[in-house]
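So that you can map any letter, position 76 of the sequence shown is 76 in UniProt numbering, and since no number is skipped, the others follow by simple counting.
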Amino acid sequence: MTDQLLNERELDFLLYELLDTTALLERSRYAEHDRAVFDATLRTAHGIAAEYFAPHNQKGDHEEPTFDGERVRLIPETKRAWDAFAEAGFLAAHHDGADGGLQLPEVILRASMAYFNAANIATVAYSFLTIGSANLVKSFASDNLRERFLPAMLDGRSSGTMALTEPGQGSALGDLRTTARPAADGSYRIFGQKMFISGGDHDLTENIVHMVLARIEGAPAGTKGISLFLVPKFLVDADGNPSERNDVALAGLLHKMGYRNTTSTVLNFGEQDGAIGYLVGEANKGLSYMFQMMNEARIGVALGASVLAYQSFVYALDYARERPQGRLPGAKDPLAPQVRIVEHADVRRMLLQQKVYAEGSLALCLYASSLFEDAHTAPTAEERQDAGELLDLLIPMVKSYPSRYGVIASDIGIQVLGGSGYIREYPLEQFYRDNRLNPIHEGTEGIHGLDLLGRKLGQRDGAGFRQFLALTHSAIEASHTDARCADLGAALGVALNHLQQATTALREQVAADANLGLANATSYLDLFGRVVVGWLWLRMAGIASRALQTGATGSEADFYHGKLQAARYFMDWELAPTQALTRLLIQGNRVSFDMQDRWF
């Protein structure tokens, strides 16, 4: 079986043909870079991922972290992987050169992270969380806090977490009960319990920086009274060196079906005199700050789901090309040699379905990363605003589509392997277990459906939605002059019309009765996600068609023909349900809404 992590040709296609990442070199921030630097970064990521992360992926799954009441222990390979990642500069890769960073574009960092996710998604989670926490500190913390805590987070001496969920409160953050009591020295004493905190305790680093949401005593109820605090595991001196233990205690480890080498923790803040915490930014604005990390994490979780889907596809394809089984339906001679299962039409159907989910999801995540980049470094304020508005609209689909269909791709991979798919001698069953967490990580589909329909569509008078419509119409119009793509564009045009009809109807329903109007928000989210990914497949098909027109041959021609066939599959099969979905949404179907608890 293959030990391939990702197809480098696929990444090149997405980064340099679909997204034109080299155009970033024209921006002053990246003027000292060139494509060779980008490619070298990706090769370094691939090499470290293959050497330090991939070899212990199954071992970390089998030998979970343990807690003896005093200390958490992980398999030693995890520490070596953390050190290799940090020493190569990936924790600080996108930060300014003056801060010790490599000043790399966001999309190159996330493409690099794709290699680590492919190699070992559980081990790289510690780095993923630290990158997001450090970004939060850099963006909103005071100069004093940045000077004391950020350097150690960028060089790997400290890791980071996001501490939101409580035992009694998950997504309903407005009801959280963790409290913050002001102290005379300007710090706060934090009291409360947080649950499902990934990376909340471990032995990888000297310190752990918890980014904690809490309510200052006397603050308003609901989300308007939430503040953000930096709460270290160990207090630090003026130079950032760890000193005495803070009043943060590990209450226990939780045991997940996947991501098993990532500690999932219950943390108690303030078992004694209160955990010392430092207010980040202004009081009562903590949730708005935390949304930065949450949105980064949503793209990151989706990227992990995409890569696990891609891994599932790669292994299934390799197996199908090697495994002889049966004969084609038209074969009459029972003594004829068996064919490889890839020659069976139904197996190719499954592989094609995996391909459109995996490659479409990966394209979506890297496109979102490019929008994140543009929102921060595009040349004009208008371009930055447009990118930010479009990304804000698309975040629910970016998080939910790869998470939902990535699990299906992993499930299909098990089906392709048959009996070999669900035994631990092959990695497919672990890919599925790891991937099954992603539809819950960083918000369920239901949460993102409500966010999209109840809030995102109407933001700034629908500016983001209008942008998306314009971009999609432009791609459809461009396809009309391409014989290979005209029918694909027409199919997407029908689905886009369905989306517009459903959007108009649902917004009217929500205005009339929010409870009823939002009852089918998750189905609307799925409809929107299919159209967004369809738009990306149409763009990819156009690129492939032009490459074939200009004379691509050999393996390059095969690559582009594969893109076109996958786009055709998507338009024919994955957009087909949009008509039925739209009909039900326009009706305001009440079946689920009217179901009564006692009828179950």
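Ideal Cβ positions, reconstructed from N, Cα and C, are used throughout, including at glycine.
Taking a contact as a CB-CB distance under 8 Å, the pair A409 and A358 counts as one, their CB atoms being some 5 Å apart. Distance between P324 and S306, taken at the CA atoms: about 29 Å. Beta-bridge analysis with DSSP links F269 to G192, V248.
Closest by C-alpha distance to E63, out of N261, L527, S187, is N261. Residue environment: F149 is assigned as buried (16 or more neighbouring CB atoms within 10 Å of its CB, all protein chains considered). In terms of Cα proximity to D411, the closest of L351, N520, H441, A118 is L351. Our two residues, I586 and E10, have alpha carbons roughly 38 Å apart in a direct line. With distances taken between CA atoms, E70 lies nearest to D201 out of F234, D201, S139.
CA-to-CA, the gap between A375 and D386 works out to about 8 Å. Inside the region 364 to 410, DSSP marks no whole beta strand (DSSP E) run of 3 or more residues.
The shortest C-alpha to C-alpha distance from R340 to any of R348, L428, E322, Q354 is the one to E322. Sequence-distant Cβ neighbours of L279 in its own chain, meaning closer than 7 Å and more than five residues away, are Y188, S227, F229. Collapsing the DSSP output to three states places Y259 in coil. Three or more beta-carbon pairs drawn from the region 497 to 514 and the region 585 to 600 are found closer than 8 Å, and the two stretches are therefore classed as touching.
The residue among R327, A519, D558, T223 with its C-alpha nearest the C-alpha of P337 is R327. Rounded to the nearest angstrom, the Cβ distance from H46 to Y115 is 5 Å, consistent with a contact under 8 Å.
E87 sits in a helix when the DSSP states are folded into three classes. Between R484 and L18, the CB-CB gap reaches or exceeds 8 Å. Counting only residues of its own chain and dropping the five nearest sequence neighbours on each side, L391 has a CB closer than 7 Å to the CB of A368, L371, F372, A375. Distance from the CA of T444 to the CA of A302, rounded to the nearest whole angstrom, comes to 12 Å.
Under the 10 Å beta carbon count, F291 is surrounded by fewer than 16 other beta carbons and is classified as exposed.
Taken through DSSP and simplified to helix, strand or coil, H94 comes out as coil. Linking A519 to I216 through their CA atoms gives a straight-line distance of about 34 Å.
Per DSSP, A49 lies in no alpha helix (DSSP H) and is assigned neither H nor E. Contact holds between the region 125 to 145 and the region 78 to 98, because three or more Cβ pairs, one in each stretch, are under 8 Å apart. M162 sits close to M211, with the two beta carbons spaced by under 8 Å.
The DSSP-derived three-state label of R181 is strand. Between the beta-carbon of L235 and that of L176 there is about 24 Å, and that puts the pair past the 8 Å contact cut. Here N438 has V301, A302, G304, A305, L308, P402, S403, G406, V407 as same chain residues with Cβ atoms under 8 Å from its own Cβ, once five neighbours each way along the sequence are excluded.
Take F570, set aside five residues on each side of it, and the residues of its chain with a beta-carbon closer than 8 Å to its own are V356, G360, V533, G534, W537, in chain order.
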